[in-house]
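Chains as they are written, first to last, in the working numbering: chain A, 1163 to 1561; chain B, 357 to 694; chain C, 4 to 88.
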Amino acid sequence: MSQRSVLITGCGIVSAIGQDCGQVLDSLLQVRTGVGPLKYLKTEHTEFPVGEVKLSDEEMERMMNIAPGTPTTRTALMGMIALHEALGQAGLSREELKDCGFVNGTTVGGMDKSEQYYLDFIENDSRNAYINTHDCGSCSEMIADRFGRFKMITTISTACSSAANAIEMAADMIRLGEADIVIAGGSECITKFHLNGFNSLMILDHNQCRPFDAERAGLNLGEGAAFVVLEEAGHAAARNAKALARLSGYGNACDAFHQTASSPDGEGAYLAMSKALNEACLKPSDIDYVNAHGTGTPNNDESESQAMMRVFGNNLPPVSSTKSMTGHTTSASGAIETVICILALRNGFIPVNYAFEHPMENGIVPNMDLHKGCRLRHVLCNSFGFGGNDSSLIISAVE
Amino acid sequence: MIMEHKSVKILSARQISIQNPLSEEWMESPLSYSEDYVRAVDPDFKQFISAGDARRMGKLLKRALATSLSALQEGGIENPDAIITGTGFGSIENTELFLDALVREGEQLLKPTQFMQSTHNTASSLIGIHTKCHGYNSTYSQKGFSFDSALYDAWMQFRIGRIASALVGSHDEMSPVFSGFVRKAGHVKEGEICSEAAVSVLMAESGDNAYCTLEGVKLFDSPSQDTLKQVLADMTAGGIDAVMTGMSGNSENDSWYGFLDSMLPGVPQLRYKPLFGVNFSSSATGFYASACCLKKGGVPAVLSASGKAIECSKGILVVNVVEGRHYSFALLKPVCGR
Amino acid sequence: MEELILKLKQEIIEVLNLEDIKPEEIDNDAPLFGEGLGLDSIDALELIVLMEKNYGIKLQDPAKGKEIFKSINVMADFIQKNRTR
């Protein structure tokens, strides 16, 4: 089978550090965190800093021209905003979408509404429309349907690696000729359900999180959405689409260790990164930057650190986690961080590991300098989900 | 684009559903129900799962693991190269416990185990942990299209050449509270049985005693009539004995399959929903039932719309239509030389 | 103290869903984690919830849990000294 090359011809993002690519770029260059006190979610747990998208549901509905009274969910709204930007960048019309695939990653789906209306679902019929917005698949449909009908739609739900896996699946479809364009990414809003869930696991930091710091104490939850338009190279050339970057490799492996903890030697992470390098026909020394999963939990950062040292040996490229700025956007993180990698590639800088101070013992020391003006050829982006669903993407510069 | 021909063997398939579990008794003596909400018939899980492991697992996870281990055992593979599952709602039992406590008692003293087991990918990762498989692992959640998506992904992994074997499954459970929700939302319709199912299918490039072969998988959202005609023509070019459908007896649901009458005239139609009920993993029971028919060389009367048994020598096309917009097609053929 | 120990064992069996185990089968001095009952980090979190819910003792640091949950006797002793309920 001849190798069909996968380009990225559009991207869109909404996050705690910006509501489009331009704003996110600015925040990254200013090293400005979006993590702060809770503002939008109505919860008792106001003690946890979070990376909320600085828009209310009502504001997002207005942005997306959603008719008042239409049942929507926060996850779907953020997804629409990001998809809108991605489709705009790629120059795709409504008509053209029927030849495009759509793969979304989410885990909470419409839980923000379900947790509000759960008792209504049981006791009366006033909120029945929101029963239909609860599950993951419905969320993806809401996002996609806002713009038109696609060739196919599906949803991946592998916790924190959902969006990364969505991008991998989309790329496979293109390589096999199932479609010439597949839009993939993820969306997740903060809900009381998982804020409390993570709290019950005692992995939330009560302060600004510090990935790879010796004194790190947990993660800060974030929310957001991002999509990339993946397109076969010949098809992109034929319609004069501008290539932003190339997806040159990717890998998915299972840690097979524990439901909520990563193995001490980071086996799943090591395998995912190795598979990605293998598929891209690249050596570790070809990688100029690693956007780590780097949640700030004692467990992940130790495990991922070990895995990276296994892959790169003594020649570790600059590594940073951007989760100290965006918060941990869970299912959306793989796509949000892919877009951050694209911005880094195209604008010649390396994102900083904000809030890092104290090096871990026997661990990696993350990047703290923007290296403006640098030339990045290949960037590795890691996303590791609960249950050991580990995925790595390699995004490369285009000439 | 010309697709290279690909064929993968279905080595084994197992179910826990409203029919007798881990068996093919349903083909000759199916259980029948008058109720419209029926829980699955569970096997003795102790034969697969130790008490220590089982203590954290809700029913969905036990069923996912039991059907997986049983399928792996029968198929003779310990470590599949890929584990890909689907679930429409995930672990409802644990989601409900956590959500109920959250809503009724507040945001304190919530249980981590319930939260941990509520994420959709818990089954895939649990199977990975149990079998110590470091291979490709993913989970799809697209309502009644979840299994179809998982199957499609597995099919792609084989075609790309990344894997030589895959465990593909779909698992959905129900609760009294959620059964009310799904009726209100129209996911389960008038005349349909709201049920539960867990199905695991082991497939590989090679292996003995295969049930049948998988020759193609296609997914669409809102395909045109021309697209449907083309797909059916391509996939039935070699001839088929019957088409397995998700018809249930509900007129709205069944209307989505009307195109088969005109595009595959005279091809016998089969129905699995009257036997296995309706849930987000139903399409997996249809795939499973088709594989069993090909293994046996015939479709039993209980599956056949006409009420007549049908011989199987050419193949079965498995068709699933969800909400009148998502269409999946999977072609199963008998193993050559049988 | 004996009453507390029995109650504690019953609560642990219930909360951790140790269906097949009876209170008399749990040795008061045997390790709860690793060997012995073979509990893990998730169980430790559940026991932290149990401590607060049933005895009003709030543990902020999960790492402390491993020391307190060393054995039934150690746990009962800690509860006796710190309970507010």
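Note that the Cβ used here is the ideal one computed from N, Cα and C, for glycine as well.
Express the C-alpha separation of V1270 of chain A and S497 of chain B in angstroms, rounding to a whole number.
11 Å
Residue nearest to I1557 of chain A in terms of C-alpha spacing, selected from A:V1390, A:H1520, A:G1396, A:A1517
A:V1390
Smallest Cα separation from D43 of chain C: which of B:P630, B:G408, B:Y644?
Closest by C-alpha distance to D43 of chain C, out of B:P630, B:G408, B:Y644, is B:G408.
Can you give the Cα-Cα distance for L575 of chain B and G671 of chain B, rounded to whole angstroms?
CA-CA distance, L575 of chain B to G671 of chain B, rounds to 19 Å.
What three-state label does DSSP hand S44 of chain C in the structure shown?
helix
Put M559 of chain B into one of helix, strand or coil per three-state DSSP.
strand
May I ask you to report which of helix, strand or coil DSSP gives F636 of chain B?
coil
Note down the Cα distance separating M530 of chain B from S1467 of chain A, rounded to an integer number of angstroms.
41 Å
Taking all protein chains shown into account, decide if S379 of chain B is buried (16 or more other Cβ within 10 angstroms of its Cβ) or exposed.
exposed
Coarse secondary structure for C692 of chain B, derived from DSSP in three states
The answer is coil: DSSP assigns C692 of chain B none of H, G, I, E or B.
Closest to E1206 of chain A by CA distance: which of B:L421, B:V364, B:K415, B:V459 is it?
Looking at the Cα atoms, B:V459 is the closest of the given residues.
Say whether chain B places a C-beta atom closer than 8 Å to the C-beta of T1320 of chain A.
yes
Just the chain C side, please: which residues come within less than 7 Å of L1363 of chain A by C-beta, in chain order?
L48
In the DSSP assignment, the alpha helix (DSSP H) including Q513 of chain B goes from what residue to what residue?
502-516
Taking C-beta to C-beta, are P468 of chain B and L1363 of chain A nearer than 8 Å?
yes
In chain order, what are the residue ranges of uninterrupted beta strand (DSSP E) at least 3 long that sit wholly in the region 461-502 of chain B?
492-496
Taking the C-alpha atoms as reference points, what is the distance between I1175 of chain A and A1306 of chain A?
15 Å
Taking the alpha carbon of R370 of chain B as the reference point, which residue from B:A520, B:N635, B:F501, B:G431 has its own alpha carbon closest?
Closest by alpha carbon: B:G431.
How many Å lie between A1388 of chain A and A1469 of chain A at the Cα?
26 Å
Could you run through the region 17-51 of chain C and flag, in chain order, every residue whose CB is less than 7 Å away from some CB of chain B?
L19, N20, L21, E22, D23, G41, I45, L48, E49
According to the neighbour-count rule (16 or more other Cβ atoms, all chains shown, within 10 Å of its Cβ), is I358 of chain B buried or exposed?
Bear in mind that a pLDDT of 38 at I358 of chain B, under 50, signals an unreliable position, so the model cannot answer this.
Do we get a CB-CB distance below 8 Å when we pair T1422 of chain A with the residues of chain C?
Interface residue, yes.
Coil, strand or helix - T1500 of chain A by DSSP
helix
Any C-beta of chain C sitting closer than 8 Å to the C-beta of M1163 of chain A?
Note on M1163 of chain A: pLDDT 41, under 50, position unreliable in the model; no value is reported.
Could you say which of A:T1171, A:E1519, A:L1392 lies nearest to G1263 of chain A if we only look at CA atoms?
Closest option to G1263 of chain A, judged by alpha-carbon separation, among A:T1171, A:E1519, A:L1392: A:L1392.
If we count Cβ pairs, one from each stretch, closer than 8 Å, do we get three or more for the region 1514-1531 of chain A versus the region 1339-1353 of chain A?
no
Along the beta strand (DSSP E) that carries V675 of chain B, what are the first and last residues, could you check?
672-678
Helix or strand or just coil, what does DSSP make of Y1292 of chain A?
Judged by DSSP in its simplified three-state form, Y1292 of chain A adopts helix.
Where L1357 of chain A and C1416 of chain A are concerned, what is the direct C-alpha to C-alpha distance, given to the nearest angstrom?
25 Å
Are P436 of chain B and A522 of chain B closer than 8 Å when you measure CB to CB?
For P436 of chain B and A522 of chain B, yes; Cβs fall inside 8 Å.
Members of the region 490-502 of chain B near chain A, C-beta cut-off 8 Å:
H490, G491, Y492, N493, S494, T495, Y496, S497, Q498, K499, F501, S502
I want to verify the contact list: residues of chain B whose CB lies under 8 Å from the CB of K56 of chain C, in sequence order.
Here the neighbours are L465.
Top-ranked residue by Cα proximity to L1406 of chain A, from A:V1186, A:E1561, A:Y1202
A:E1561
Test: R694 of chain B CB closer than 8 Å to a CB of chain C:
Note that R694 of chain B scores a pLDDT of 45, beneath 50, so its modelled location is shaky; the value from the coordinates is reported in the next line. It does not; no Cβ of chain C falls within 8 Å.
Chain-order list of residues whose beta-carbon lies under 7 Å from that of K1275 of chain A (same chain, five-residue window excluded)
T1235, Y1292, T1295
G1253 of chain A to D1188 of chain A span [Cα, whole Å]
23 Å
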